[in-house]
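In what follows, a structure is listed as structure tokens, so that the remarks can point back to it.
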Ligand code: PLP
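Encoded structure:
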């Protein structure tokens, strides 16, 4: 089965998305693709596959291909692979590095990734170095000194919304012979395309804005070069280790993608309005959002995030943990739940999830901004801050 990125000439990305990566089903003319639930595919009398590429659905599935081709096209990459969750996608990339190797990872990223990296590296005799990638010179020096096999960035980072200068870091990775992978979950490919900035691999938790409806777990890795060893390993690993996305989830993801650009337009504008409101509020200590001028890397954000500044932000509230929890408890429109990127706005007290060891501030609240009317979100925050 061809896994070439879907690239009809002259169409805007919104149009590719609206058509879910291709026109009608060739056999029926259906405008929505069928869910392929079969796990296995018959052979003819000569033991040839009836449809080459359709052998067993852990290896191949027409819906995976359609979705992967669309995602590769959004990233301006060469090929994509879907995984059973964002963490399964992280793990497939990290496992490229063999015992005795070195990983340099950005510090202060999604806690689940940090925990996985620490445990995986400790168990497999892999040296793990964690460093702040927003300090460009120091991070580049770290690449030169540690000569890592893999550099792992998360841009923007969750929950600190820090940026890393992907083009400059990628140049140093090339000199050092390191592979550069970027988790761009909080951006999405409509906002930022790391592969066009020199990254080798880009990864997303499709659980978040790509699907956007908080109703599936999924992950995706896209490569710039489909002919290198790293990509061959990732594809083989997906098939042999079997962390594949279910057919129904793939179908749901493709459906979610149809509205990605519309959802992001609203999320971007809501998030900016919320950030501007919160920044002026006397009960807020700081707003961490790359779209506002007070963000220390706002200029870098403007150069990396060309499709808006995204839906994720964190705030530090005055009055510590008690006040943070009180404000959270008083919110009505924002739902108190973990995760991000859904149509509904969520608030989370990360300290409650991560505990003390991660170093997360007790007064930090992470907000995932949804597609509600922006005025409702601001009014909800206003009343919660007044009561807190
Ligand atoms: N990367 C980032 C930035 C995330 O925020 C998350 C989950 O919150 C993941 C990866 C893991 O994704 P999943 O929950 O789909 O396994």
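Residue numbers (the working numbering): 113 to 500. Note that beta-carbon positions come from the ideal geometry of N, C-alpha and C, so glycine has one too.
In the DSSP output, which residue or residues are listed as bridge partners for residue 424? For residue 424, which the question treats as bridged, DSSP gives the partners 480.
Can you grab the Cα-Cα spacing for the pair residue 464 / residue 476, in whole Å? It is roughly 10 Å from the alpha-carbon of residue 464 to the alpha-carbon of residue 476.
Can you give me the Cβ contacts of residue 481 inside the same chain, cut-off strictly under 8 Å, excluding the 5 residues immediately before and after it? Leaving aside the five residues that flank residue 481 on each side, the residues in its chain whose CB is nearer than 8 Å to its CB run, in chain order, 379, 382, 383, 386, 423, 424, 425, 457, 489.
By Cβ distance, which residues of its chain are closer than 6 Å to residue 496, with the 5 residues on each side in sequence left out? 439, 442, 443, listed in sequence order.
Continuous alpha helix (DSSP H) stretch holding residue 249: start and end: Boundaries of the alpha helix (DSSP H) harbouring residue 249: 248-258, taken from the DSSP string.
Below 8 Å between beta carbons: does that hold for residue 313 and residue 329? In this structure, the beta-carbon distance from residue 313 to residue 329 does not fall below 8 Å.
Looking at C-beta atoms only, is the number of pairs between the stretch 186-194 and the stretch 328-342 that lie closer than 8 Å three or more? Contact check between the stretch 186-194 and the stretch 328-342: three or more CB pairs, one atom from each, fall below 8 Å, which counts as touching.
Classification of residue 461 by the beta-carbon crowding that lies within 10 angstroms, buried from 16 upward: Within a 10 Å sphere around the beta-carbon of residue 461 sit 16 or more other beta-carbons, which makes this residue buried.
Are any of the Cβ atoms in chain D nearer than 8 Å to that of residue 153? No chain D appears in this structure, which consists of one protein chain only.
Please confirm whether residue 376 and residue 319 have their CB atoms less than 8 Å apart. No; because the gap between Cβ atoms is not below 8 Å, this pair is not in contact.
Which residues share a DSSP beta bridge with residue 195? According to DSSP, which records beta bridges pairwise, residue 195 is partnered with 331.
Would residue 176 pass as a contact of residue 163 if the rule is Cβ separation under 8 Å? Between residue 176 and residue 163, the C-beta spacing is not below 8 Å.
Distance between beta carbons of residue 261 and residue 214, contact taken as under 8 Å: With a contact defined as Cβ atoms closer than 8 Å, residue 214 and residue 261 qualify at about 6 Å.
Could you say if the stretch 359-378 and the stretch 128-142 meet the contact criterion of at least three C-beta pairs nearer than 8 Å? In short, these stretches touch, since the Cβ pair count reaches three.
Same chain only: Cβ atoms within 7 Å of residue 437, ignoring 5 sequence neighbours per side: Correct list, in chain order: 461.
So is residue 356 buried or exposed if we call it buried at 16+ other beta carbons inside 10 Å? Around the beta carbon of residue 356, 16 or more other beta carbons sit within 10 angstroms, so the residue counts as buried.
Measuring only from the beta carbon, is residue 216 closer than 7 Å to any heavy atom that is part of the ligand PLP? No, the Cβ of residue 216 stays beyond 7 Å of every heavy atom of the ligand PLP.
Would the stretch 271-280 and the stretch 394-410 be scored as touching if the rule is three or more Cβ pairs under 8 Å? Result yes; three or more Cβ-Cβ pairs closer than 8 Å.
Ignore the nearest five residues each way along the sequence and tell me which others in residue 169's own chain have a CB closer than 6 Å to its CB. Closer than 6 Å at Cβ, skipping near neighbours: 151.
Nearest-angstrom Cβ-Cβ length linking residue 229 and residue 245, presumed shorter than 8 Å: Not a contact, Cβ separation roughly 14 Å.
Quick one, are the C-beta atoms of residue 397 and residue 429 less than 8 Å apart? Against a cut-off of 8 Å, the Cβ pair of residue 429 and residue 397 comes out as a contact.
Please return the same chain residues whose Cβ sits closer than 6 Å to the Cβ of residue 303, not counting the five positions on each side in sequence. Residues 417, 419, 420, 422 of the same chain have their beta carbon placed closer than 6 Å to that of residue 303, with the five preceding and five following residues left out of the count.
Cβ of residue 202 within 8 Å of Cβ of residue 179? Their beta carbons are not under 8 Å apart, which means residue 202 does not touch residue 179 by this criterion.
Run through DSSP, which three-state label would residue 201 get? The three-state secondary structure of residue 201, taken from DSSP, is helix.
Those residues which DSSP pairs with residue 168 across a bridge: In DSSP, residue 168 forms a bridge with 152.
Mind checking who residue 447 pairs with in its DSSP beta bridge? Bridge partners of residue 447 according to DSSP: 458.
Between the beta-carbon of residue 309 and the beta-carbon of residue 282, is there less than 8 Å? It is a contact, given that the beta carbons lie within the stated cut-off.
Between residue 469 and residue 404, what straight-line distance do the alpha-carbon atoms span, to the nearest angstrom? Straight-line Cα distance between these residues: approximately 30 Å.
Relative to the C-alpha of residue 450, which candidate in 479, 431, 472, 473 has its C-alpha closest? Comparing Cα-Cα distances from residue 450 to each of 479, 431, 472, 473, the minimum goes to 479.
Return yes when the Cβ of residue 204 is within less than 8 Å of the Cβ of residue 501, no when it is not. The displayed coordinates of the chain run from 113 to 500. Any statement about residue 501 would go beyond what the structure contains.
Shortest alpha-carbon distance to residue 147 belongs to which of 294, 173, 157? Ranking 294, 173, 157 by Cα distance to residue 147 puts 173 first.
Pairwise C-alpha distance: residue 351 and residue 395: Looking at the two C-alpha atoms, the distance is approximately 51 Å.
Hey, quick one: how far does the alpha helix (DSSP H) through residue 434 stretch, first residue to last? First-last of the alpha helix (DSSP H) with residue 434: 432-442.
Looking only at its own chain, which residues have a Cβ that is under 8 Å from the Cβ of residue 212, when we skip the five neighbours before and after it? Annotation for residue 212: 237, 238 place their beta carbon closer than 8 Å to its own, counting only its chain and skipping 5 residues before and after.
Within 10 angstroms of the Cβ of residue 209, are there 16 or more other Cβ atoms? Answer buried if so, exposed if not. It is buried - the Cβ of residue 209 has at least 16 other Cβ atoms within 10 Å.
For residue 410, the first and last residue of its enclosing alpha helix (DSSP H): Counting along the chain, the unbroken alpha helix (DSSP H) around residue 410 starts and ends at 410-416.
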